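What follows is one structure encoded as structure tokens, with my remarks underneath.
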Amino acid sequence: MAAKHRRLSPGATAILLAFLTTGCTGGPADQPDLGKVTGTVRLDGSPLADAYLRFQPESGRPSTAKTDDSGVYELDYTYKVKGAKVGPHTVRIWTFETGSDPDTGKLTILAKERVPVSYNAETTLREDVAPGDQVIDFDLDASLGKIIQRPPSWQ
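Take 13 as the starting number for the sequence shown in our numbering and just add one per residue.
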């Protein structure tokens, strides 16, 4: 028996196309205003390589980054979109990293924490992100609190 094909009416086709091309794509239509944020993280005056940053707005998606060998970062709002939501943010910076040991498969510490809790678990860092491009640098002081070797609890 041959399969029967039904055509959509022009009105139904228009509604279907409108639904498929708007709202559910995760693109600019549902994205808040963003500011592009770059900067440098220093610990006791030296660039802090391989540090993670998390800018958490009062509501909505956080933006994240990882510093390069020079301590430079650029925030990502999504995998494909740079920036952070405009407005006030709580900022956390850490270096602790875990992963699987390639030989045993067990969870192991890949990088020790070098940043005091006053910049991560008990952060006091607050920054306002404005529209447009901006540079937000962080000069961290290693003597401002204890350093704890554990995974971040806010992830």
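All residues carry an ideal CB built from backbone N, CA and C; glycine is no exception. Nothing here was measured: the structure is a model prediction, and the numbers come from that model.
Inter-residue CB distance, residue i and residue j (contact presumed, cutoff 8 Å)
i: Pro-74; j: Arg-66; result: 5 Å
i: Lys-78; j: Asp-62; result: 7 Å
Alpha-carbon spacing of residue i relative to residue j, whole angstroms
i: Leu-137; j: Gln-43; result: 25 Å
i: Leu-156; j: Gly-72; result: 30 Å
i: Pro-123; j: Lys-158; result: Per the sequence shown, the amino acid found at residue 123 is Ala instead of Pro. Ala-123 and Lys-158: Cα-Cα distance of roughly 17 Å.
i: Leu-152; j: Asp-80; result: 16 Å
i: Arg-126; j: Ala-154; result: 8 Å
i: Arg-54; j: Thr-116; result: 35 Å
i: Arg-162; j: Lys-92; result: 30 Å
i: Lys-118; j: Pro-143; result: 44 Å
Chain-order list of residues whose beta-carbon lies under 6 Å from that of residue i (same chain, five-residue window excluded)
i: Thr-52; result: Gly-83, Val-84 and Asp-149
i: Asp-168; result: Missing from the structure shown is residue 168; the chain here goes from 13 to 167 and no further.
i: Pro-69; result: Lys-97, Gly-99 and His-101
i: Tyr-64; result: Lys-78 and Trp-106
i: Glu-139; result: His-101, Val-103 and Ile-148
i: Thr-37; result: Low local confidence applies: a pLDDT of 41 at Thr-37 is under 50, so the model's placement there is unreliable, with the coordinate-based value given in what follows. None.
Sequence-distant residues of the same chain with beta carbon closer than 7 Å to residue i, five excluded per side
i: Asp-113; result: Thr-120
i: Ala-96; result: Leu-46, Gly-47, Val-49, Phe-67, Ser-75, Leu-87, Tyr-89 and Val-141
i: Pro-128; result: Ala-154, Leu-156, Gly-157, Lys-158 and Ile-159
Own chain, CB closer than 8 Å to residue i, minus 5 neighbours either side, in chain order
i: Gly-111; result: Leu-119, Thr-120 and Leu-122
Q: Would you list, in sequence order, the uninterrupted beta strand (DSSP E) runs of no fewer than 3 residues that lie entirely inside the stretch 32-102?
A: Listed in chain order, they are 46-55, 64-69, 75-78 and 84-86.
Q.
Tell me whether the stretch 125-137 and the stretch 99-110 touch, counting them as touching only if at least three CB pairs, one residue from each stretch, are closer than 8 Å.
A. Between the stretch 125-137 and the stretch 99-110 there are three or more C-beta pairs closer than 8 Å, enough to call the two in contact.
Q.
Ignoring anything shorter than 3 residues, give me the beta strand (DSSP E) runs that lie fully in the stretch 129-154, in order along the chain.
A. Entirely contained in the stretch 129-154, the beta strand (DSSP E) runs reaching 3 residues are, in chain order, 138-141, 144-147 and 150-152.
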